[in-house]
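> The structure is given below, and queries will be raised subsequently.
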Amino acid sequence: MQTRMHALAAVLAASLAVSSGALQEARRAKIVRISYGDYLVRGPQLSSKSGIEQSFRKLRDEGFTDIYWRMLLEGHPLDGVEVYPHPMLTAAFQARKELEGTAWAWDPHELRWPIEVAHRLGMKFYASIVVYNERAPLLAHLEAGWKPEDQTFPEGTFKTIGDAYQSKFLLAHPEYQAVDRSGKRYHWGVLEWAYPEARQYWLRDLQLILDRYDVDGIYLDTRTECMSPKFADQYGFNEPVVREFRKRYGVDILEEDFDLEQWRALRGEYFTQLLRETAELIHRKRKLFSLGTARGDYIGFPLGNMKLEWRTWIRERIVDELHLDEHGWGWGRQGYGYVTDYATGRGLRPLAVMVREDYAPLCRQFGVKLYFRCNPYRVRPPSEACCNGRATTRGTAPPAD
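Each step along the sequence shown adds one to the number in this note's numbering, with nothing skipped, and position 310 is 540.
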C-alpha cells in the first residue's frame, strides 16, 4: 500500500481511532481499528502469531473491548485480485506461511488466529471490509501525473507507483464502475450499486467470511482511497441509473437538463439496497452489522454527492451500529461542488447539534448504537492542504480527457 495510506494507521500503542459515546449501551465498547495490511509493513506488531497475541493483550490491558480488523485486500480473497510486486504482499505471504498446516491457516483469509486470540482475551472481533476501494490500473495513475515515490519499509526503500493489487472482477468488467456522462471515463475502483452484478460480487465475498469465520460482526466502511473526480457529480451515469431515471421522471440525463437532487437520491437508493442485502446475510448468521460512513445527507469527498438514506437505515434496523464522521481521501487535485464536506465543515451543522437533534433521537427510538470516530482534523479553508492525501492547490493534475 502507498505511503499516503500508511499515515492512516496509527501505532497500536497509541490506541488508534477510539470510538466513544454509544447510546444506551450497557456494555460500553472501547474500539480499536487495525489495518492489517498497513501494519504488516510497519513492524512486528501483527506480522506473526506472537506479535498479534502480544498486541491484542496490550490493547486488552489498556481497556479496549472490540477489535475492528480491516482485512487484507479489503475483504476479498487473494484469488480475487491481481497482485503486483509490493512489500506489503511479500510480508503477507510470509505471515501466511507461518500458519500453514495449523488450525489457524489462511483459508483464504488471515482471520482465524486473530479471532482466536481476541476471543480468548474476552474481546469482540469485527471483520472490517471496504466496498469503495477496488483500486485503479497503473494507467490511471500515470494519466493523473502521478510519479514514482520513495517508500520506506523494514526491508528498505523502494520506488513504487500505483496499487499493490487490483480487483479481477473489475479488470474483467470495468463497466460496473461509476461512469461519467460521456460514458468514456470511469471512477476507478468505485462500484455503481445499480448493477445487481456489482452487489453480488461483494455479497459473495461477504458470505464466505460469514460462513468460515467466527466473527462477532461485520464493519462495512465507505472510506476510499480513490481518484478524485474533477467535480463532485462527475460520475454515476451508468445505464441502469439512466434507465430508471427516465422511467420515473421522463428525462434522459445523458441528453437533457435534470434535477440533480433526484439523481443523487436515486443513486443513494441503490446503495441502500446493497446495505439491505448485506444486512440480510449478516443477520441470518445472528451477527451484528456496523456501518461507518459520512455525517450528513451526502457521502462527500471524494465519492460525490450521492444521498445517504441514514434515516431509513435506522428506522428499518438495517444497521445495528452507525459510525459517523468516517471519510476517505482521493489522489489527484481535489474537485469542486461537494454539498457537504467534513474536513471544512461546509454544509454541516455543528456536531453537537446534529447529534442532539438528528441522530440521537432516532437511534434511541429504534435501538441503533451511535458512534463517532475521533479524528485529529480541524476545520480549515479549502486552500489549505488537509486530510492526508487530500490534495488542494498542490495536488497533481486530474486525468486529461
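Even for Gly, the Cβ is constructed at its ideal location relative to N, Cα and C.
State the start and end residues of the unbroken beta strand (DSSP E) segment that holds Arg-300.
Counting along the chain, the beta strand (DSSP E) containing Arg-300 begins and ends at 296-300.
> Where does Arg-545 fall in DSSP's three states?
helix
> Looking at Ile-548: is its Cβ nearer than 8 Å to the Cβ of Arg-506?
Result yes, Cβ atoms of Ile-548 and Arg-506 sit closer than 8 Å.
> In the DSSP assignment, what residue or residues form a beta bridge with Ser-285?
Partner(s): none; Ser-285 has no beta bridge.
> By the three-class DSSP mapping on this structure, what secondary structure does Val-609 have?
In this prediction, Val-609 scores a pLDDT of 44, lower than 50, which makes its location untrustworthy; no coordinate-derived value is stated.
> Just verifying my parser: in three-state terms, what is the DSSP assignment at Phe-461?
strand
> Give the secondary structure of Ser-277 by DSSP, where H, G and I count as helix, E and B as strand, and everything else as coil.
coil
> List the whole-angstrom C-beta distance separating Arg-541 from Leu-578, where the pair is believed to meet the contact cut-off of C-beta under 8 Å.
Wrong, their Cβ atoms sit about 16 Å apart, outside the cutoff.
> Can you tell me whether Val-609 is buried or exposed? The criterion is at least 16 other CB atoms within 10 Å of its CB, across all chains shown.
Legend: pLDDT at Val-609 = 44, less than 50; position of this residue unreliable, value from coordinates given subsequently. With fewer than 16 other Cβ atoms within 10 Å, it is exposed.
> For Arg-342, which residues from the same chain have a beta carbon less than 6 Å from its beta carbon, with the 5 sequence-adjacent residues on both sides left out?
Trp-334
> What is the DSSP secondary structure of Phe-602, reduced to helix, strand or coil?
strand
> Could you give the DSSP three-state label for Trp-493: helix, strand or coil?
helix
> Closest to Gly-560 by C-alpha separation, out of Val-481, Gln-430, Ser-458, Arg-576, would be which residue?
Ser-458
> In angstroms, rounded to a whole number, what distance separates the CA positions of Arg-497 and Tyr-528?
11 Å
> Buried or exposed for Val-583, going by 16 or more other Cβ atoms inside 10 Å?
With fewer than 16 Cβ atoms within 10 Å of its Cβ, Val-583 is classed as exposed.
> Is it buried or exposed for Gln-430, if we count other Cβ within 10 angstroms and need 16 for buried?
exposed
> May I have a chain-ordered list of the alpha helix (DSSP H) segments no shorter than 4 residues that lie completely inside the segment 400-471?
Taking 4 residues as the minimum length, the alpha helix (DSSP H) runs contained wholly in the segment 400-471 are 426-442, in order along the chain.
> How long is the line joining the alpha carbons of Gly-251 and Phe-602, rounded to whole angstroms?
Per-residue confidence for Gly-251 stands at a pLDDT of 40, beneath the threshold of 50, marking its modelled position as unreliable; the derived number appears in the next sentence. The alpha-carbon atoms of Gly-251 and Phe-602 are separated by roughly 7 Å.
> Which residues does DSSP list as the beta-bridge partners of Arg-263?
Tyr-298
> Straight-line CA distance for Arg-365 to Gln-564?
In this structure, the CA atom of Arg-365 is about 18 Å from the CA atom of Gln-564.
> Using the C-alpha atoms, what's the distance from Trp-418 back to Arg-491?
In the sequence as displayed, the identity of residue 491 is Glu instead of Arg. Cα to Cα, the separation comes out at about 23 Å.
> Sort Pro-317, Pro-344, Leu-319, Pro-315 by Cα distance to Leu-329 and report the nearest one.
Pro-344
> According to DSSP, which residues form a beta bridge with Lys-354?
Asp-296
> Under 8 Å Cβ to Cβ from His-403, same chain only, skipping five residues before and after it: list those, please.
Glu-427
> Can you find the residues in the same chain that come closer than 8 Å, C-beta to C-beta, to Ser-277, ignoring five residues on each side of it along the sequence?
Excluding sequence positions up to five before and after Ser-277, its CB lies within less than 8 Å of the CB of Tyr-269, Leu-270, Ala-321, Gln-324, Ala-325, all in the same chain and listed in chain order.
> What is the rounded straight-line gap between the Cα of Trp-299 and the Cα of Val-445?
10 Å
> State buried or exposed for Tyr-449, treating a residue as buried only when at least 16 other CB atoms are found within 10 Å of its CB.
buried
> Determine the extent of the beta strand (DSSP E) in which Gln-396 is found, giving its start and end residues.
395-397
> Locate the beta strand (DSSP E) running through Lys-537, then write down its first and last residues.
Segment 534-537, the beta strand (DSSP E) holding Lys-537.
> With distances taken Cα to Cα, identify the nearest neighbour of Arg-290 among Pro-317, Lys-260, Leu-302.
Lys-260
> Using 8 Å as the Cβ pair cut-off and three pairs as the minimum, do the segment 301-313 and the segment 356-365 touch?
yes
> So the beta strand (DSSP E) Val-311 belongs to, where does it begin and stop?
Secondary structure note for Val-311: its beta strand (DSSP E) is the uninterrupted segment 311-313.
> Spatial neighbours of Leu-319 within its chain, please: CB distance less than 8 Å, with the 5 preceding and 5 following residues excluded, ordered by chain position.
Cβ contact annotation for Leu-319 (same chain, cutoff 8 Å, sequence separation greater than five): Val-313, Ala-394, Tyr-395, in chain order.
> Taking the Cβ atom as the reference point for each residue, do Glu-469 and Thr-502 lie within a distance shorter than 8 Å?
no
> On the three-state DSSP scale, how would you describe Ala-252?
With a pLDDT of 42 at Ala-252, under the threshold of 50, the modelled position of this residue cannot be trusted, and the question is left open.
> Can you name, in chain order, every residue of its own chain whose Cβ lies under 7 Å from the Cβ of Glu-346, other than the five neighbours on each side?
Trp-334
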